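Participant: Chains as they are written, first to last, in my numbering: chain L, 1442 to 1755; chain P, 3 to 633. The following block contains the structure, expressed as structure tokens.
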Amino acid sequence: MTCSLLDCGTVEERDFEMSDFEGTVARWCPGCGDHAVLSSVQRLLADERLPPEQTVFVSGIGCSSRFPHYLNTYGFHGIHGRALPLATGMKLVRPDLHTFVVMGDGDCCSIGAAHWVHAIRYNVDMVVILLDNNIYGLTKKQTSPTTPQGFGTNTQPRGSYLPALDPLSVTLGVTNASFVAQTADWAPGHLYETLRAAYRHRGFSFVRVLQRCPVWTLSIFRTAVQQPQMTELLLHEDGIGDDGTSQLYKNHLSHDPADLDRARALARAGDRVRLGLFFHDPTRPRYDALRALPVHTAEERIATLNEELDRYAV
Amino acid sequence: MSTRSPVSVTDASAPGAIRVREHAVEVVSDSGEGAQKCGQFFGAISAKLGNGVWTVEIIPAEIQPPARTPSGASGVRIRIGSGAVTNWGDHADLVVAFNEQVLLARHRCDALAPGAIVLIESMWAEHHDERIRAQWQAAMTELASGGYRIVPVPMEQECLEIVDNARRGKNMFVLGLLAAIYDRDLDRVRAQIELGFEKKSEAIRAANIQLMERGAAWAREHLGLRVEIETVASDHDLVVMNGNQALGMGAIAAGFDFCAMYPITPATSVSHYLADVFDTVGGTLHQAEDEIAAIGAAIGASYAGKVAFTVTSGPGLALKTEFIGLAVMTEVPLVIVNVQRGGPSTGLPTKVEQSDLLAAMFGQPGDVPKVVMAPATIEECFHCMVTARRIAETFRCVVVILSDANLATGVQPFPRPQLDVEWQARRPDLSPVSERARPFDWDDRTGLSRRIIPGQPGGMHTLTGLIHDEDSKVSYAPGVNERACSMRSRKMAVLQQTLEPPRVHGAETGRLLIVGWGSTRGAIEEAVDRAREEGLAVSALHMRFLSPLEPGLKDIFRRFDQVLTVEINYSDKPDDPFVTDENRRRGQLCFVLRAQTLVDVDCWTRVPGEPLRPGRILTEIRSRIGEGVER
Ligand SMILES: Cc1ncc(C[n+]2csc(CCOP(=O)(O)OP(=O)(O)O)c2C)c(N)n1
Ligand code: SF4
Ligand SMILES: [Mg+2]
Chain L
1442 MTCSLLDCGT
1452 VEERDFEMSD
1462 FEGTVARWCP
1472 GCGDHAVLSS
1482 VQRLLADERL
1492 PPEQTVFVSG
1502 IGCSSRFPHY
1512 LNTYGFHGIH
1522 GRALPLATGM
1532 KLVRPDLHTF
1542 VVMGDGDCCS
1552 IGAAHWVHAI
1562 RYNVDMVVIL
1572 LDNNIYGLTK
1582 KQTSPTTPQG
1592 FGTNTQPRGS
1602 YLPALDPLSV
1612 TLGVTNASFV
1622 AQTADWAPGH
1632 LYETLRAAYR
1642 HRGFSFVRVL
1652 QRCPVWTLSI
1662 FRTAVQQPQM
1672 TELLLHEDGI
1682 GDDGTSQLYK
1692 NHLSHDPADL
1702 DRARALARAG
1712 DRVRLGLFFH
1722 DPTRPRYDAL
1732 RALPVHTAEE
1742 RIATLNEELD
1752 RYAV
Chain P
3 MSTRSPVSVT
13 DASAPGAIRV
23 REHAVEVVSD
33 SGEGAQKCGQ
43 FFGAISAKLG
53 NGVWTVEIIP
63 AEIQPPARTP
73 SGASGVRIRI
83 GSGAVTNWGD
93 HADLVVAFNE
103 QVLLARHRCD
113 ALAPGAIVLI
123 ESMWAEHHDE
133 RIRAQWQAAM
143 TELASGGYRI
153 VPVPMEQECL
163 EIVDNARRGK
173 NMFVLGLLAA
183 IYDRDLDRVR
193 AQIELGFEKK
203 SEAIRAANIQ
213 LMERGAAWAR
223 EHLGLRVEIE
233 TVASDHDLVV
243 MNGNQALGMG
253 AIAAGFDFCA
263 MYPITPATSV
273 SHYLADVFDT
283 VGGTLHQAED
293 EIAAIGAAIG
303 ASYAGKVAFT
313 VTSGPGLALK
323 TEFIGLAVMT
333 EVPLVIVNVQ
343 RGGPSTGLPT
353 KVEQSDLLAA
363 MFGQPGDVPK
373 VVMAPATIEE
383 CFHCMVTARR
393 IAETFRCVVV
403 ILSDANLATG
413 VQPFPRPQLD
423 VEWQARRPDL
433 SPVSERARPF
443 DWDDRTGLSR
453 RIIPGQPGGM
463 HTLTGLIHDE
473 DSKVSYAPGV
483 NERACSMRSR
493 KMAVLQQTLE
503 PPRVHGAETG
513 RLLIVGWGST
523 RGAIEEAVDR
533 AREEGLAVSA
543 LHMRFLSPLE
553 PGLKDIFRRF
563 DQVLTVEINY
573 SDKPDDPFVT
583 DENRRRGQLC
593 FVLRAQTLVD
603 VDCWTRVPGE
613 PLRPGRILTE
623 IRSRIGEGVE
633 R
């Protein structure tokens, strides 16, 4: 079972360093926001003492989906948009595996949108990281659902036609959402705390990471990075926060993550970048928990099937 | 009865005891009147008495089609015999119809034998609604060409003596009629009703038994007709079920414990069966949000150490394409059950076809070697699940099972499987592996490698659909792709070497060899047997593995003057306009056999939206090799 606040460090006696989780050298572009997320994840795995063999990273296709290759855990680099079904099936039969899913914005919000919506509702225990660079990175700058209106790309050179889809609003709108947070690759302390809270939540923990892509969308996040007053931190005793981030970003807003209506209002686009825990409800039903079954031995199964065959006997 | 009827209506009391080796009876009604239940019970009782039985459902396309319309005909054909019955036969010899419109539907598709006996609800002939009387009249005129012996039966009136709503009771009344006509022991029939309605209240069971008894009594009093079919008690223990139930039970026998699916006719009832029992053996049936998610979840479960399966039909198989490629590329074992229906597109959802063979073999971009196998009987539906799981696991490969709508709803008794714990999947092995263990440690000769699963210390790696080396590292180095492709392909050659050559049904040499696959086996072999009785030198060969093909085919083909596939899929007729030997599109197995054997295999294929009839195959055999033979 996933390490909870209570059994942390008691069940698992082994200690790990960040280097224990390093896979092949990351091949993302210099300055790519994904590097920071990888470091935060490696730190989290070490701090939470997750045995590498009990940890699985599942991804789709995109720059962001290269993630599992750069870790020394188990990984499944799947197909575009379909990481969530893979992770769901895996978790249903192996609840003992710590499950992380990494997706890009095209991956999650476009081609994989159906799975995204349903996975939120299944609320299966996993940490889901959306690396949102507002663009199709790997395939070289095509419009994604989260590309800001008016932003020119190779497929919509005169600017994206429609207002961007807001992943937070979508997630918060789905029945049975249980954990929704937003953080940014350039706020490493906040990023780490967010991932940790997500990991400690039992259920579908959705973390949208605002991710810089200096190659294709440099301008999109530049003001947010350069002007801390653009950012507003959602803070609460049940929320996410770290001192360093709170000192750098002075706009603080108290938000109780139990308040779904307010979370939805705050998620709706404004001119501020809001980081923090939007919504958290640890009591939502979990499909994996509801479907958990005791293990049956081969002999027991054969005995049951023989009884079943009796019902069809001639 | 009615003198207004233009056809000769037989005197209901006319005597007529006949002794036959086999008989086909159809019960047809409006949807919702329970003809199928009646037929299923009758089939099960007959099987228990020792008859060979094959049952086929007649399914309307809509859930609640309008009443009293030909398109709404819903029912069942039960073919019973003193020996084994392997298919639905040619025509129905006896029909019980709940109204004349559903009877017309069967007449129009040539389902009834000339001169067949028809028991029909009599209330419509004298109905107070003039339009209905007119419809009846028109129907009788149309039916006259069949020369049927039509016997009116006051079903409604009789049932109203027992229940308030005759619509819900006629089917058991008809079961009683059939029990009397075929001389079935009424205690057996009562027991079947008890069993079939075990989830219903005592009062409902009692009413149904009364209705059945009334039907039997009515038949004894008013009908001279008796059909005697010798019953030969089997020395095996038998079970009786349909092909989808057999697939579901076979899955449990094989030790599967994860199935992900999305509802689609005619595959869905596999999941209905599993939904009922799977969790009692620790199995999970996951209804996913679509077919893509279903196969994704199955691959995820397999990746985590299981062999999972997914169940679908044509349109669903199409959606699974990309994930099939991933499973093959990452060598994650997986079983896909595809219960074929008519296609392309939404096609004929409830009707049988064998048009997915090439899609199963070649439906994915890139080179995607995988195993394709096809059960031919209900019994094989059960056992193929065990075989498929073992192959998938041993070879780290994808196995596609091609069943079809005929097997899905066909009901047939077969020897009770003697379950073996060895069939069950082993628990995932989570023991540590050496740091040097490689996720694709291919054996150069066989392409086989050991699977390493999450949870095994020391075995950490990332599976990827990108080209990868033995360590599962993405690599575009020269030779890597060539080698990986050859390793995945080699496994198929190795499997093929372990297969038995198929057995010829009939003589080992002759003028014509008919090759089939899947559910057509019974009809083909019956046609061949009948032709051989006429002195024709024809034999049959039935393929269980389509990819890789079973060995020895060229040798077998060489011993016959002509080789002909018989399949339920589309092919151009050789004399169609514009069609030449070069551009002719052939049957799917034919296409494969020609490519693999270089033998000039011909095909005779049809897409009638129903199972093949042995009589039609016989006609084709005669037209090919019948000349000069005395008949
Ligand atoms: C079925 C399918 N369609 C299209 C592609 C091509 N493709 C690969 S990645 C990608 C989009 C990547 O964008 P995103 O998901 O945002 O990830 P990023 O590269 O930005 O991290 C596309 C369209 C594919 N691999 N598979
Ligand atoms: S293209 Fe953008 S998202 Fe992709 S690796 Fe480079 S910087 Fe990162
Ligand atoms: Mg992107």
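Just so you know, even glycine gets a beta-carbon here, dropped at the ideal spot from N, CA and C. Quick caveat, the model's predicted, so the values are computed rather than measured.
(1) Is DSSP giving Q103/P helix, strand or coil here?
(2) Using C-beta distances below 6 Å, list every residue in its chain close to V1452/L, excluding the 5 sequence neighbours before and after it, in chain order.
(3) Three or more C-beta pairs under 8 Å: does that hold for the stretch 1557 to 1567 of chain L against the stretch 1634 to 1647 of chain L?
(4) I'd like the list of long-range same chain contacts for G1765/L, defined as Cβ closer than 6 Å, with 5 residues on each side in sequence excluded.
(5) Any beta carbon of chain P sitting closer than 7 Å to that of M1544/L?
(6) Buried or exposed: which applies to R1535/L, given that a residue is buried once 16 or more other Cβ atoms fall within 10 Å of its Cβ?
(7) If you measure from the beta carbon of H1556/L to each beta carbon in chain P, is any gap under 7 Å?
(8) What does the Cβ neighbour count give for P335/P, buried or exposed, with the cut at 16 atoms within 10 Å?
(9) Using 7 Å as the limit for Cβ to Cβ distance, is M1531/L near chain P?
(10) Put D1448/L into one of helix, strand or coil per three-state DSSP.
(11) Is N1574/L close to ligand 1? I mean its beta-carbon at under 6 Å from any heavy atom of the ligand.
(12) Going by alpha carbons, who is nearest to K1532/L out of G83/P, A19/P, A300/P, R170/P?
(13) Whether or not the stretch 546 to 564 of chain P and the stretch 591 to 606 of chain P are in contact is what I'm after, with contact meaning three or more pairs of Cβ atoms, one per stretch, closer than 8 Å; do they touch?
(14) Looking only at its chain, what residues have a beta carbon closer than 6 Å to the beta carbon of V401/P, apart from the 5 residues adjacent to it on each side?
(15) Among N101/P, K202/P, S76/P, which has the Cα closest to the Cα of I134/P?
(16) Looking at P1492/L: is its Cβ nearer than 7 Å to the Cβ of S1500/L?
(17) Using a Cβ-Cβ cut-off of less than 7 Å, give me the residues of the stretch 1486 to 1508 of chain L that come near chain P, in sequence order.
(18) DSSP three-state call for N1747/L: helix, strand or coil?
(19) Residues of chain L with CB under 7 Å from M462/P, in chain order?
(20) Determine the closest residue to F416/P out of D239/P, V565/P, R452/P, with distance taken between C-alpha atoms.
(21) Please list the residues of the stretch 321 to 342 of chain P that have a C-beta atom closer than 7 Å to any C-beta atom in chain L, keeping them in chain order.
(22) Within 10 angstroms of the Cβ of T1496/L, are there 16 or more other Cβ atoms? Answer buried if so, exposed if not.
(23) Which runs of the beta strand (DSSP E) spanning at least 3 residues fall entirely within the stretch 307 to 353 of chain P, listed in chain order?
(24) Anyone know if the C-beta pair for L213/P and F258/P falls short of 7 Å?
(25) Given this structure, state the Cα-to-Cα distance separating Y275/P from L287/P, to the nearest angstrom.
(26) Going by the C-beta, is D1548/L closer than 6 Å to any heavy atom of ligand 1?
(27) How big is the Cα-Cα spacing for E502/P and L551/P?
(28) So the candidates are I82/P, N244/P, A277/P; which of them puts its Cα closest to the Cα of A262/P?
(29) So which residues of chain P does Y1633/L contact, with C-beta pairs closer than 8 Å?
(30) Looking at the structure shown, is C261/P part of a helix, part of a strand, or coil, going by DSSP?
(31) Pick from R1490/L, D1548/L, T1624/L, L1716/L: whose alpha carbon is nearest that of R1507/L?
(32) Where do the N-terminal and C-terminal ends of the beta strand (DSSP E) with A26/P fall, by residue?
(33) Can you name the residues of chain L whose CB is closer than 9 Å to the CB of V242/P?
(34) So, are the CB atoms of R81/P and A26/P less than 7 Å apart?
(35) Looking at chain L, is there any beta carbon in it that lies within less than 7 Å of the beta carbon of V506/P?
Facilitator: This is what the structure gives:
(1) helix
(2) Bear in mind that a pLDDT of 42 at V1452/L, under 50, signals an unreliable position, so the number given afterwards is only what the model happens to contain. Nothing meets the Cβ criterion.
(3) yes
(4) Outside the shown range of chain L (1442 to 1755) lies residue 1765/L, about which nothing can therefore be said.
(5) Answer no: the Cβ-Cβ gap between M1544/L and chain P never drops below 7 Å.
(6) Around the beta carbon of R1535/L, a 10 Å sphere encloses 16 or more other beta carbons of the protein chains shown; the residue is thus reported as buried.
(7) Among the CB atoms of chain P, one or more fall inside 7 Å of the CB of H1556/L.
(8) buried
(9) yes
(10) Note that D1448/L scores a pLDDT of 38, beneath 50, so its modelled location is shaky and nothing firm can be said.
(11) Of the heavy atoms belonging to ligand 1, at least one sits nearer than 6 Å to the Cβ of N1574/L.
(12) When only C-alpha atoms are compared, the closest one is A300/P.
(13) The stretch 591 to 606 of chain P is in contact with the stretch 546 to 564 of chain P.
(14) Cβ within range, chain order: V337, V373, A390, I393, A394.
(15) N101/P
(16) no
(17) P1493, E1494, Q1495, V1497
(18) helix
(19) P1493, E1494, N1513, T1514, Y1515
(20) D239/P
(21) Of all residues in the stretch 321 to 342 of chain P, E324, F325, L328 have a Cβ within less than 7 Å of some Cβ in chain L.
(22) buried
(23) 310 to 314, 336 to 342
(24) Contact flag unset, no.
(25) 10 Å
(26) yes
(27) Distance from the CA atom of E502/P to the CA atom of L551/P, rounded to whole angstroms, is 10 Å.
(28) A277/P
(29) By Cβ distance, chain P contributes nothing, its closest Cβ being about 23 Å from Y1633/L, past 8 Å.
(30) In the three-state scheme derived from DSSP, where H, G and I count as helix and E and B as strand, C261/P is classed as strand.
(31) D1548/L
(32) 24 to 31
(33) Those within 9 Å of V242/P in chain L are Y1753, A1754, V1755.
(34) yes
(35) no
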